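Enquirer:
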Amino acid sequence: MAESKKNAIQKGDLTEGSIVSKLVLFALPLIAGNIVNQLYNVADSLVVGNFVGSDALAAVGVSFSVMMSFNALFFGLSMGAGILIAQCFGAKRQKQLQDAVNTAFTLTLILGAAITVLGVLLSRGILTLMQTPENIMEDSATYLSIIFFATIGNLVYNMGSGILRGMGDSRWPLLFLIFCSVMNVALDLVFVIFLRMGVAGVAWATLLSQCSSAVLVLLRIHFGGYAARIQFRHLGIKKESLMHILRLGLPSGIQEMTFSAGMMIIQSFANGFGSDFIAANSIIMKVDGFAVMPMMGLGSAIATFVGQNMGAGKLDRTKKGIRAATGIVTGIGIVMGVLFLLFGHYLIRAFTDNQPVIEMAMNGLRFLAFIYTIMGIGSVVSGAMRGAGASIAPMITSLCGLVVRIPVAYFCAVLPHNYMGLFVAMASAMIVNCSLISIYYFKGNWRSKTAVHAEVKEQAE
C-alpha cells in the first residue's frame with residue numbers, strides 16, 4: 521500500500537525533470553480543457569443566437585454574469601484547496617493530503633447547497649437591479665432558475681478537477697470535460713431545435729451535462745489510484761485543513777466576488793445600450809474566451825507547479841518555471857491578437873446575422889486584440905503568486921484594477937453614451953493589474969509567504 525502511494529505521488533511530480541517540458545505537458549490539458557469549456561459555453565450561444573434570436577442570446581449573456589457572481593467565492597476557495605493539495609503533494613505529506621481532499625469535498629457540498637438556494641431566491645431581484653431590459657427579463661429569469669439547480673454539479677466538477685490537478689493529473693479533467701461538452705451540444709440541439717424549449721432547453725442541457733461531469737470526476741478520484749481519494753465514510757471538516765484552505769483561498773474568493781460584483785456593475789452599464797449591444801458583448805466574451813482560456817490554463821498550471829516546488833523547497837526551479845510560463849503566454853497573446861484582427865469577423869458571423877450586432881462586436885474585438893499579452897502576463901504571475909501562498913497580492917492588484925475600471929467605464933462609456941468606453945475601461949484595468957503584480961513579483965516578498973508549506977514541513981520534522 522505504501523509503495524502504491526509512493527508511485528502515485530511520483531506520477532504527478534512536477535518537482536523533477538525538464539522545467540519547460542513538465543510545465544508544457546501539464547499545461548496542455550488545462551489549456552485544452554479551458555478551450556473545450558469555452559466551446560461548451562459558445563454552444564449555448566450559437567444554438568440560441570441561430571435558432572431562437574438575438575434577444576434570447578442577450579438573455580443568456582446577462583444571466584452568465586449573475587451566475588458567476590454567486591459562484592465567485594467558491595472558485596476562490598477551490599483555488600486554495602488546489603494549492604494546499606499541490607503543496608502537500610510536493611512535500612510528500614500523505615496525511616495532510618488526505619485531510620485536505622476530504623475537507624475540500626465536504627466544503628463543496630455545503631457551499632453548493634447554499635448557492636443553489638440563494639441563487640433561486642435572489643436572481644430575479646438582481647436582474648431588476650441590473651436594469652435588465654424588459655424584452656429579455658423573462659428569458660433571463662427562466663435560464664437562471666434552472667441553471668442554479670446545476671450549481672452542485674458544477675462546483676463538484678471544478679473542485680474535483682482542482683484536486684486532480686493538485687496531484688499532478690490534468691488529463692482526466694480534460695477527458696471528462698470533452699465528453700460532457702459533446703453531451704451539452706447534443707442536448708442543446710435536441711431541446712432547442714426538436715423540442716422547441718427555447719432558453720429553458722439550453723439551461724436544461726447545461727444542468728444535465730454538468731451533473732454528469734461531476735459524477736465522472738468523483739469516480740475517477742475515488743477509484744483512480746491517486747495518493748489520496750475522497751473517503752465518503754470519513755467526510756467532514758478538518759480544522760487545520762480548513763484554515764489552510766481559507767488562508768490560501770479566501771483572498772482569491774474575495775477577489776472573485778469583488779470582480780464579479782464589478783462585472784455586474786459593468787453589465788448594468790452595458791444594459792443601458794440596449795439588447796443589440798448586450799448580444800454583441802455576449803458574442804465578444806465568447807470569442808474573446810478563446811484567447812483568454814489558454815492564458816488561464818497556464819495560470820492554473822503555474823500555480824500547481826509553484827505550489828509543488830515551493831512545497832519541496834525548490835525556489836530556483838520555481839522562478840525558472842515562472843519565467844518559462846511568462847514567455848509562453850506572451851507568444852500566445854501575440855498570436856491570438858493577430859488571428860482575431862484578421863479573422864474575427866468570421867467567428868462573430870457564426871453567432872448572428874444581425875448587422876448592428878456584428879458591427880459592434882467587431883469594434884470591441886479589434887480593441888481587445890491589442891491587450892492579450894498584458895492580460896496573459898498578469899494571469900501567469902498572479903497564478904504563480906497564489907501557488908506560492910501569497911494569495912493576498914493578486915487580490916489587492918485585481919481590486920486596484922477594478923477600482924480603475926468602474927469609473928473609467930462610467931466617464932468614457934456611460935456619460936458620453938459610447939459603448940467603446942467599456943473596452944477602454946477593461947484595458948485600463950488589465951494594465952494596472954499586470955503592472956502591480958509584476959512589481960510585487962520582482963520585489964520578492966512572495967518568497968516568504970509560503971506559510972502552509974512551512975507549517976506542513978515543521979509538522980513533519
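Each residue of the sequence shown is one higher than the one before, counting from 521 in our numbering. Glycine residues also receive a C-beta, built at the ideal position from the N, C-alpha and C atoms. All of these numbers come straight from a predicted model, not from anything done at the bench.
In the structure shown, what three-state DSSP assignment does Pro653 receive?
Expert: Against the sequence shown, residue 653 aligns to sequence position 133. Here Pro653 sits in coil by DSSP.
Enquirer: Under 8 Å between the Cβ atoms of Met915 and Ser772?
Expert: Stepping through the sequence shown from its first residue, residue 915 is reached at position 395. Stepping through the sequence shown from its first residue, residue 772 is reached at position 252. The answer is yes: Cβ separation under 8 Å.
Enquirer: CB-CB under 8 Å to Ala971, same chain, minus the five flanking residues each way: which ones, in chain order?
Expert: The sequence position of residue 971 within the sequence shown is 451, counting from 1. Per-residue confidence for Ala971 stands at a pLDDT of 41, beneath the threshold of 50, marking its modelled position as unreliable; the derived number appears in the next sentence. These residues qualify, in order along the chain: Arg767 and Gly909.
Enquirer: Should Ile683 and Val621 be called a contact, given that it needs their Cβ atoms to be closer than 8 Å?
Expert: Here residue 683 is taken as the residue at index 163 of the sequence shown, counted from 1. Here residue 621 is taken as the residue at index 101 of the sequence shown, counted from 1. Taking 8 Å as the Cβ cut-off, Ile683 and Val621 qualify as a contacting pair.
Enquirer: Leaving out five residues before and five after Met880 in sequence, what residues of the same chain have Cβ atoms less than 6 Å from its Cβ?
Expert: Locating residue 880 in the sequence shown gives position 360, where the first residue counts as 1. Closer than 6 Å at the Cβ level, and outside the excluded window around Met880, lie Phe797 and Ala800.
Enquirer: Residue ranges of each alpha helix (DSSP H) run of no fewer than 4 residues wholly in the segment 572-642, ordered along the chain?
Expert: For the segment 572-642, whole alpha helix (DSSP H) runs of length 4 or above, ordered along the chain, are 574-610.
Enquirer: Distance check for Leu548 and Phe825, CA to CA, integer angstroms please.
Expert: Along the sequence shown, read from residue 1 onward, the residue named residue 825 stands at position 305. Along the sequence shown, read from residue 1 onward, the residue named residue 548 stands at position 28. Each residue's alpha carbon lies about 13 Å from the other.
Enquirer: Between the segment 669-685 and the segment 612-631, do at least 3 Cβ pairs fall closer than 8 Å?
Expert: Output reads yes: the segment 612-631 touches the segment 669-685.
Enquirer: Return no unless some Cβ of chain B is closer than 8 Å to the Cβ of Leu638.
Expert: Of the protein chains in this structure there is only one, and it is not chain B.
Enquirer: I need the DSSP call for Leu935, collapsed to helix, strand or coil.
Expert: Locating residue 935 in the sequence shown gives position 415, counting from the first residue. Coil, per DSSP.
Enquirer: Quick one: residues in its chain with C-beta nearer than 8 Å to the C-beta of Arg925, no 5 flanking neighbours on either side, listed in chain order?
Expert: Taking the sequence shown and counting its residues from 1, the one referred to as residue 925 is at position 405. So the list reads Gly782, Ile786, Ala945, Met946, Ser948 and Ala949, once near-sequence residues are dropped.
Enquirer: In whole angstroms, what is the alpha-carbon distance linking Ser574 and Gly602?
Expert: Numbered from 1 along the sequence shown, position 54 holds the residue referred to as residue 574. Numbered from 1 along the sequence shown, position 82 holds the residue referred to as residue 602. Approximately 39 Å, taken between the alpha carbons.
Enquirer: Tell me whether the beta-carbon of Met687 lies closer than 8 Å to the beta-carbon of Phe609.
Expert: For the purposes of this step, residue 687 is identified with residue 167 of the sequence shown, where counting begins at 1. For the purposes of this step, residue 609 is identified with residue 89 of the sequence shown, where counting begins at 1. Yes, Cβ-Cβ distance for Met687 and Phe609 is below 8 Å.
Enquirer: Are three or more beta carbon pairs between the segment 917-931 and the segment 858-872 nearer than 8 Å?
Expert: Short answer: they don't touch.
Enquirer: Could you give the DSSP three-state label for Ile891: helix, strand or coil?
Expert: What you label residue 891 is simply residue 371 of the sequence shown in a count that begins at 1. Ile891: coil per DSSP, three-state reduction.
Enquirer: Going by beta-carbon coordinates alone, are Gly898 and Asn554 separated by less than 8 Å?
Expert: Against the sequence shown, residue 898 aligns to sequence position 378. Against the sequence shown, residue 554 aligns to sequence position 34. Not closer than 8 Å, so no.
Enquirer: Mapping DSSP to helix, strand and coil, what is Gly688?
Expert: Here the question's residue 688 lines up with position 168 in the sequence shown. Coil at Gly688, not helix or strand.
Enquirer: Hey, could you find the ends of the alpha helix (DSSP H) Tyr866 is sitting in?
Expert: On the sequence shown, position 346 is the one that residue 866 refers to. Leu835 to Arg869 is the extent of the alpha helix (DSSP H) around Tyr866.
Enquirer: Enumerate in chain order the residues of its own chain whose CB-to-CB distance from Val567 is below 7 Å, with the five nearest sequence positions on each side excluded.
Expert: Residue mapping note: residue 567 aligns to position 47 of the sequence shown, counting from 1. Excluding positions up to five away in sequence, the list reads Asp708, Leu709, Val712 and Val722.
Enquirer: Which two residues bound the contiguous alpha helix (DSSP H) that contains Ala823?
Expert: Position 303 of the sequence shown, counted from the start, is the residue given in the question as residue 823. Element bounds for Ala823: Ser795 to Gly831.
Enquirer: Kindly give me the distance between the Cβ atoms of Leu694 and Val556, rounded to whole angstroms, as I take these residues to be in contact under 8 Å.
Expert: Counted from its first residue, the sequence shown places residue 694 at position 174. Counted from its first residue, the sequence shown places residue 556 at position 36. At roughly 7 Å, the Cβ-Cβ gap stays under 8 Å, so Leu694 and Val556 are in contact.
Enquirer: With a threshold of 16 other CB atoms inside 10 Å of the CB of Asp873, please say whether the residue is buried or exposed.
Expert: In the sequence shown, the residue the question calls residue 873 occupies position 353. With fewer than 16 other Cβ atoms within 10 Å, it is exposed.
Enquirer: Identify the continuous alpha helix (DSSP H) that holds Tyr960 and give its terminal residues.
Expert: Walking along the sequence shown from the start, residue 960 turns up at place 440. Met940 to Lys963 is the span of the alpha helix (DSSP H), which, as asked, contains Tyr960.
Enquirer: Please report the distance separating the alpha-carbon of Val640 from that of Ala633.
Expert: Indexing the sequence shown from 1 puts residue 640 at position 120. Indexing the sequence shown from 1 puts residue 633 at position 113. C-alpha separation (whole angstroms): 11 Å.
Enquirer: Using the rule of at least 16 other Cβ atoms within 10 Å of the residue's Cβ for burial, across every protein chain shown, is Thr648 buried or exposed?
Expert: Residue numbering aside, residue 648 sits at position 128 when the sequence shown is read from its first letter. Exposed: under 16 other Cβ atoms inside 10 Å.
Enquirer: With a CB to CB cut of under 8 Å and the five nearest residues on each side skipped, what residues in its chain are close to Asn561?
Expert: For the purposes of this step, residue 561 is identified with residue 41 of the sequence shown, where counting begins at 1. Excluding sequence neighbours, Asn561 sits near Phe584, Lys806 and Gly809.
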